[in-house]
Amino acid sequence: MKQWAWVAGLGAALLAPSAMARVCAVNIDSTDQMTFSARQITLAADCTEVALTLRHTGRMAATAMGHNWVLTRTADYQPVAMAGMRGTLADSYLPKGDARVLAHTKVIGGGQSTSVRFSTRALQKGGDYTFFCSFPGHFAMMKGTLVFG
1 MKQWAWVAGL GAALLAPSAM ARVCAVNIDS TDQMTFSARQ ITLAADCTEV
51 ALTLRHTGRM AATAMGHNWV LTRTADYQPV AMAGMRGTLA DSYLPKGDAR
101 VLAHTKVIGG GQSTSVRFST RALQKGGDYT FFCSFPGHFA MMKGTLVFG
């Protein structure tokens, strides 16, 4: 009998972290007019993961009017965007392996969508975060704030 209690307790302990996980879904659109559908994204404090979907509602190809979604600390946003301008479409106009990039999608063209799923462990509640499109020249207009907690 004690053995079954131990197994049940172990099972409950293993399931507890996943039972407490909360995935928050976020959808955001981008357009041929270099806009995002939201200037602010607010995540609840109990979100442990974010499942973000970016949709390009325009018609232009990724080579001409591609968009992605990139998240950095606000202090890192412009340096990352400037460094990305030296990149390529294949690299989503981001510096390879840059730790300042907290999450990002690939660059997509009109009619396409893409998703990214990331943990909120790297985010501080009340921290200062900016999301933007790193396609060359877009980051000045296509940006917003992410509020966590």
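Just so it is clear: in the sequence shown, position 103 is 103 by UniProt numbering, and no numbers are missing.
Just so you know, even glycine gets a beta-carbon here, dropped at the ideal spot from N, CA and C.
Since we're looking at a predicted model, the values are computed, not measured.
DSSP-derived helix/strand/coil call for residue i
i: residue 183; result: Outside the displayed span of the chain (1 to 149) sits residue 183, for which this structure offers no information.
i: A75; result: helix
i: A90; result: helix
i: A13; result: Because A13 sits at a pLDDT of 43, beneath the cut-off of 50, its placement in the model cannot be relied upon, and the point is left open.
i: A5; result: Low per-residue confidence applies at A5: pLDDT is 44, beneath 50, and the placement is therefore not dependable, though the value from the model is reported in the following sentence. A5 falls in the helix class under three-state DSSP.
Residues bridged to residue i [DSSP beta-bridge criterion]
i: H138; result: According to DSSP, which records beta bridges pairwise, H138 is partnered with nothing at all.
i: S115; result: T53
Contact check, residue i vs residue j, beta carbons under 8 Å
i: I28; j: N68; result: no
i: A61; j: G110; result: yes
i: V50; j: T120; result: yes
i: V101; j: V116; result: no
i: D128; j: R73; result: yes
i: F131; j: I41; result: yes
i: R55; j: S113; result: yes
i: V147; j: L52; result: no
i: G87; j: F135; result: no
i: L89; j: T57; result: no
Segment limits, beta strand (DSSP E) that includes residue i
i: A62; result: Note, A62: premise wrong, no beta strand (DSSP E); alpha helix (DSSP H) at A62 to M65.
i: D29; result: V23 to S30
i: L146; result: K143 to F148
i: F36; result: Segment: none, F36 is in no beta strand (DSSP E) and carries neither H nor E.
i: T130; result: Y129 to F132
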